[in-house]
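S.K.:
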Amino acid sequence: MDLDANPQHQDSEEKPKGIVVILSGAPGSGKSTFCNDVLSAGRRSWVRVCQDTIANGKAGTKSQCLKSAAAALKEGKSVFIDRCNLEKEQRAEFVKLGDEQVDVHAVVLDLPAKVCISRSVKRSGHEGNLQGGKAAAVVNRMLQKKELPKVSEGFSRITFCQNENDVRDAVKIYSNLGQNDNLPAGNFGQKSPDAKVQLGIMKFLKKVENPKNASNGSQGSSPKQEIKDKDPCFMELENEHENKEGIKLKDSLVDDIPILAFPSISTSDFQFDHGKASDVIVESVIEFLNKVDNVRLVLVDISHKSHMLSLVKEKAEKKNIDPNKFSTLVGDITRLCTEGKLCCRVIANAANWRLKPGGGGVNAAIFKAAGEDLEMATKERADTLSPGTSVAIPLPSTSPLYRREGVTHVIHVLGPNMNPQRPNCLKNDYVKGCKVLRDAYASLFENFASITRDQRCNEVKSSDPRNDASKRSSVDNLHNDQKNKRDGFHDSESNKKSKPDDNMVVYKDKQKNEKTAAKRTWGSWAQALHQMAMDPEKHKDAVIEIFDEFVALNDLYPKAKKHILVVSRLPGLDSIADVQKEHLPLLKTMHDAGLKWAEKFLKEDASLTFRLGYHSVPSMRQLHLHVISQDFDSPHLKNKKHWNSFNTLFFRDSTDVIEEVEKSGEVTLNDENLLSVELRCHRCRSAHPNIPRLKFHISNCKASISSTQRLVFASS
DNA sequence: GTTCTAGAAC
DNA sequence: GTTCTAGAAC
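Per the numbering used here, the first sequence starts with residue 9, numbered consecutively.
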C-alpha cells in the first residue's frame, strides 16, 4: 500500500489547494537541492523561499521569508520554506501560513550528522556561506537542538528522510505533484524518536535551555529578537564563541525508563486483519500505560513500508498517546542497539505454539540472533504456548543477543491465527480473534511490567559494591552515578544489572569454562607486553615500576599526554576475558597501582583527567590496565580504532570490571564492532567526519566529560 | 600494536 | 592533486 506515492486528484469543482512545504534539516542536509530538483520538474508552480538569499541575493530575516511566502500563496503558488527549521519554535510562524486553502507539509531531511558535516565543510560558494572548519561545529550544535516536526504542530503531512534513497523518493513524490493534486495526510518514513543522534544532549539542552531566553516575550524587533529571527546557520556563526561552553553533560539527562520493543502479533503469517489489529494494539497500549508509569513501548517492524506501523502510528496520534511512552520504529528487532536505534532490555517475539525456532519473520530472526541459549532457556520454562498468552524467558548472558544488544529477556507471545494453513485457525471469527489478540498483548505487557519490577529491585540492591570501590583511594573521585549511558547508542552495559538466579550462575560458569578452554592465539607482535611482564629487568627503558604481581610501564605509543600500562605478571592471564573471581585481588591491586600513578601525574599537572580501564578485546597478550589522560593529545592517536578503543564501551572502566566480577564472576565484554562506530567527541558527543577533524575539535572542546565514566580528577 | 600503501574520498 | 581510510604484513 503505497499511500504516499500516489497523488490524489482533487475534485475539479474545488479550487486547488496551495501547499507550504517547510523543509527541516541541518546545513548540508540537501534542502536547497531538494527544492531545486522539485522546481525543475515543473509540474506545479512552486516558489522557493530561502532565507540565505531573500534580501537581493543576501541573507535576510524570518519576517521577510514569511512575507514572501504569503505573497506567493496569494498568487496561487505553492511554497518551499528553505531554511533549517530544526526547532519547533523556528517553524511555528510558517505553519500559521496554512488555512483551508493551504496545506502545510514538512519534509525532514534527517540525514546522518557525518553526511551533513562533510557536505557543509566541503561546499564552497554556498549561499549561507557556511563553509570551512566552522561547519562541523555549527552542524553539530544545530543537530543537538533538533526537534522533529509533529503533526500536532499543524502539519497535515510530514515526510521523514533518513538517507539518500528516502530523499530521492520524496523528491519524486513532490515532483510528480501537479497543480491540482494533493497528497495524503500523515507521517511517512519516521523512525523512533529515539533513533536520532545525540539524543542525550538534546534532552539535556531542552531541560536546562537557557533560562535567559525563556523570558523572551518581546513582540517588537529588539536586537535580540532580530538574531532569533535569523536562520540558526547565522546565529550559530555569530555566537559561536559565546556558545562554545554551552554544552554540559549532566547526570540529569540520563533516563532509565524500561523499554519493551515488540513486533505486531498475528498480522504477518497468522494473517490477522491489520485494521482490527492496529485498534487492538492502540487500545491495549492505552490500557497498559494507564496502569503503569515510567515505561516505554515501541512497536517495531523491519519494513520501511509497514502498513501496520503507519496504521498504528496514525491511530496512536489520534488518541493522543504520549510519543515518549509509545512509538513505532522501523528496524530489525534483533539489532536495535547496534544499529543505534534503541537499546532495550526486553523484546517480544511473535512465537509459534511449539516455541520452536524457524518458520520465518521475527520468530526465526530472534531465535537465530539469540542462538542456542534462547532455545535451551525456553525449553526450561515452557514446551508450548496457547493463543493469547506469553512467557518471559531470561536470556543467559552467553547469548549473542544479550552480549551484543543487551537484551536480558525475550517474551514469547502467541496471538490468534487467521491463516487456514496454520493450526488452530479461527476461520475469520474476529470476535474471538480480537479477544485473543487483546489477551496476548495484555499478557505480554504484564510480563514486561513484572520483569521491570524485578530489575528495578535488583538495581537498588546492587548499588553497594560501587560505594566500596570509591572508598579505595582519596583521589579516586569516581562518579558513583547512575551507570546508564546518555546516548542510547551502545547502551548494553547498563543492562547487565539484572541479577541472575542461582541456576543461571551455574550455567554461566559452565559456559565460561568451556570458552576459556579454547584460548585465542596471539601473533608475534602481540607478545611484547608478555615478555616485559615476565622479564622486566630486560626492559628497563620502558618499565617504570616492578612488583611481584604487576609491572607498570610507559605505553610505547601513548595515545594521550599521559598513558601508562599496569601489566599483570600472572602467567596465563592474557586478557580480561580470562578473568574470574579468583583474580579479584589482582584486579584491585592493579587498580590501586594505576590510581597511584594517576595521582602522581595529577600532582605534576592538575588539569589532567584520567580513566582507568581495559580493552574488551586487547591487541597485546597479558592482562593490562590502561591509565590514560583524557586529553588524547598525542601524535600516536591516528585512526578510528585508536579513538573508539578508548571512547566507546569497548573500553571497560576498571571499577566496573571489578564490580562485575564481584557480582557475577565474569565481565561483560563489548564487541569489536564498536571500533568502527562514528567518531564522537568524548566531551560534547558531537560527531566528526574523520580523525584529523575530531582531533582538532577535541583540542578545543570545553564541555565536561560525561560523569557516567569513572574519571579520576585532581583532588582539590 | 605499527607501518606501508592502494585506492577511495574529498 | 591531496587527504584519509582500511587492509595486509609484520
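Where a beta carbon is used, it is the ideal one built from N, C-alpha and C, also for glycine.
Whose C-beta lies closer than 7 angstroms to the C-beta of Asp472 among residues of the same chain, with five residues either side of it excluded?
M.R.: Caution is warranted here: a pLDDT of 33 is assigned to Asp472, below 50, making its placement in the model unreliable, and the coordinate value is therefore given only provisionally. Excluding sequence neighbours, Asp472 sits near nothing in its chain.
S.K.: Please return the same chain residues whose Cβ sits closer than 8 angstroms to the Cβ of Glu95, not counting the five positions on each side in sequence.
M.R.: Lys153, Lys154, Glu155, Pro240, listed in sequence order.
S.K.: Any contact of the region 266-276 with the region 296-316, i.e. 3+ C-beta pairs under 8 angstroms?
M.R.: The region 266-276 vs the region 296-316: in contact.
S.K.: Do the CB positions of Thr397 and Leu422 come within less than 9 angstroms of each other?
M.R.: Cβ distance < 9 angstroms, so Thr397 and Leu422 count as in contact.
S.K.: What does the alpha-carbon distance come out to for the pair Trp530 and Ser583?
M.R.: Taking the straight line joining both Cα atoms gives about 11 angstroms.
S.K.: Cβ of Val112 within 9 angstroms of Cβ of Val28?
M.R.: Taking 9 angstroms as the Cβ cut-off, Val112 and Val28 qualify as a contacting pair.
S.K.: Mind checking Trp54: buried by the 16 CB within 10 Å criterion, or exposed?
M.R.: Answer is buried; the Cβ neighbour count reaches 16.
S.K.: Checking the sheet assignment: what are the DSSP bridge partners for Phe196?
M.R.: According to DSSP, Phe196 bridges with Thr167.
S.K.: In the structure shown, what three-state DSSP assignment does Arg701 receive?
M.R.: In this structure, Arg701 counts as helix in the three-state DSSP scheme.
S.K.: Of all the options Leu393, Ser672, Pro697, which has the alpha carbon lying nearest to the alpha carbon of Ser405?
M.R.: Closest by alpha carbon: Ser672.
S.K.: Between Ser292 and Tyr565, what straight-line distance do the alpha-carbon atoms span, to the nearest angstrom?
M.R.: Computed Cα separation, rounded: 57 angstroms.
S.K.: What is the DSSP secondary structure of Gly26, reduced to helix, strand or coil?
M.R.: Strand, per DSSP.
S.K.: Decide if Ile30 is buried, meaning its Cβ has at least 16 other Cβ atoms within 10 Å, or exposed.
M.R.: Flag for Ile30 reads buried.
S.K.: Spatial neighbours of Lys294 within its chain, please: CB distance less than 8 angstroms, with the 5 preceding and 5 following residues excluded, ordered by chain position.
M.R.: Before going on, a small fix: residue 294 reads as Ile here, not Lys. Result list for Ile294: Lys327, Ile329, in chain order.
S.K.: Is Val303 near Leu268, with beta carbons less than 9 angstroms apart?
M.R.: Taking 9 angstroms as the Cβ cut-off, Val303 and Leu268 qualify as a contacting pair.
S.K.: How big is the Cα-Cα spacing for Arg528 and Cys692?
M.R.: Each residue's Cα considered, the two are about 37 angstroms apart.
S.K.: With H, G and I counted as helix, E and B as strand and the rest as coil, what does DSSP make of Tyr449?
M.R.: The answer is helix: DSSP assigns Tyr449 an H, G or I state.
S.K.: Measuring alpha carbon to alpha carbon, tell me which residue in Ile355, Glu380, Lys376, Ala550 is nearest Phe453.
M.R.: Closest by alpha carbon: Ile355.
S.K.: Starting from the N-terminal side, write out each stretch of the beta strand (DSSP E) that is 3 residues or longer and does not extend beyond the region 594-674.
M.R.: Counting whole runs of 3 or more residues, the region 594-674 contains the beta strand (DSSP E) stretches 618-623, 632-637, 659-661.
S.K.: Here's a check: name, in chain order, each residue in its chain whose Cβ is nearer than 8 angstroms to the Cβ of Arg718, leaving out the five neighbours to either side.
M.R.: Leu486, His487, Arg619, Leu620, Gly621, Asp661, Ser662, Thr663, Asp664.
S.K.: Use the C-beta contact count for Met150: other C-beta atoms within 10 angstroms, 16 or more gives buried, fewer gives exposed.
M.R.: Burial call: buried.
S.K.: Does the region 78-94 come close enough to the region 645-662 to have 3 or more Cβ pairs within less than 8 angstroms?
M.R.: Result no; under three Cβ-Cβ pairs closer than 8 angstroms.
S.K.: Could you name each continuous alpha helix (DSSP H) segment of 4 residues or more that falls completely within the region 326-403, going from the start of the chain to the end?
M.R.: With a minimum length of 4 residues, the continuous alpha helix (DSSP H) runs that stay inside the region 326-403 are 369-378, 380-389.
S.K.: Are the region 339-352 and the region 362-378 touching, with three or more C-beta to C-beta distances below 8 angstroms?
M.R.: The region 339-352 is in contact with the region 362-378.
S.K.: Which residues bound the alpha helix (DSSP H) around Glu97?
M.R.: Looking at the DSSP string, the run of the alpha helix (DSSP H) that includes Glu97 is 96-103.
S.K.: Can you say whether Ser407 is buried or exposed, counting buried as having 16 or more other CB atoms within 10 angstroms of its CB?
M.R.: Ser407 should be labelled buried.
S.K.: For Ile280, which of Val439, Pro331, Asp600, Lys104 has the nearest alpha-carbon?
M.R.: The displayed chain sequence assigns Phe, not Ile, to residue 280. Ranking the options by Cα distance to Phe280, first place goes to Val439.
S.K.: Quick one, which of Lys703, Leu317, Met384, Ala457 has its alpha-carbon nearest Lys648's?
M.R.: With distances taken between Cα atoms, Lys648 lies closest to Lys703.
S.K.: Measuring CA to CA, which of Met426, Gly186, Asn190, Asp189 is closest to Ser276?
M.R.: Per the Cα distances, Met426.
S.K.: Excluding the 5 residues flanking Leu434 on each side, which residues of the same chain have their C-beta closer than 7 angstroms to its C-beta?
M.R.: Hits under 7 angstroms: Pro424, Asn425, Met426, Lys440, Gly441.
S.K.: Below 6 angstroms CB to CB, which residues in the same chain sit around Val625 once its five sequence neighbours on both sides are set aside?
M.R.: Once the five neighbours on either side are set aside, the close Cβ partners of Val625 are Glu680.
S.K.: Buried or exposed: which applies to Ala79, given that a residue is buried once 16 or more other Cβ atoms fall within 10 Å of its Cβ?
M.R.: Exposed, because fewer than 16 other Cβ atoms sit within 10 Å of the Cβ of Ala79.
S.K.: Closer than 8 angstroms is the cut-off here; do at least three beta carbon pairs connect the region 102-120 with the region 168-181?
M.R.: As far as the Cβ criterion goes, the region 102-120 touches the region 168-181, which means the pair count is three or higher.
S.K.: Going by beta carbon distance, what residues of the same chain come within less than 7 angstroms of His644, once the five residues before and after it are set aside?
M.R.: Closer than 7 angstroms at the Cβ level, and outside the excluded window around His644, lie Tyr565, Pro566, Lys567.
S.K.: Confirm, please, whether the CB-CB distance from Cys351 to Gly414 is below 9 angstroms.
M.R.: It is a contact, given that the beta carbons lie within the stated cut-off.
S.K.: Check for me: the beta strand (DSSP E) holding Asn562 runs from which residue to which?
M.R.: Element bounds for Asn562: 558-562.
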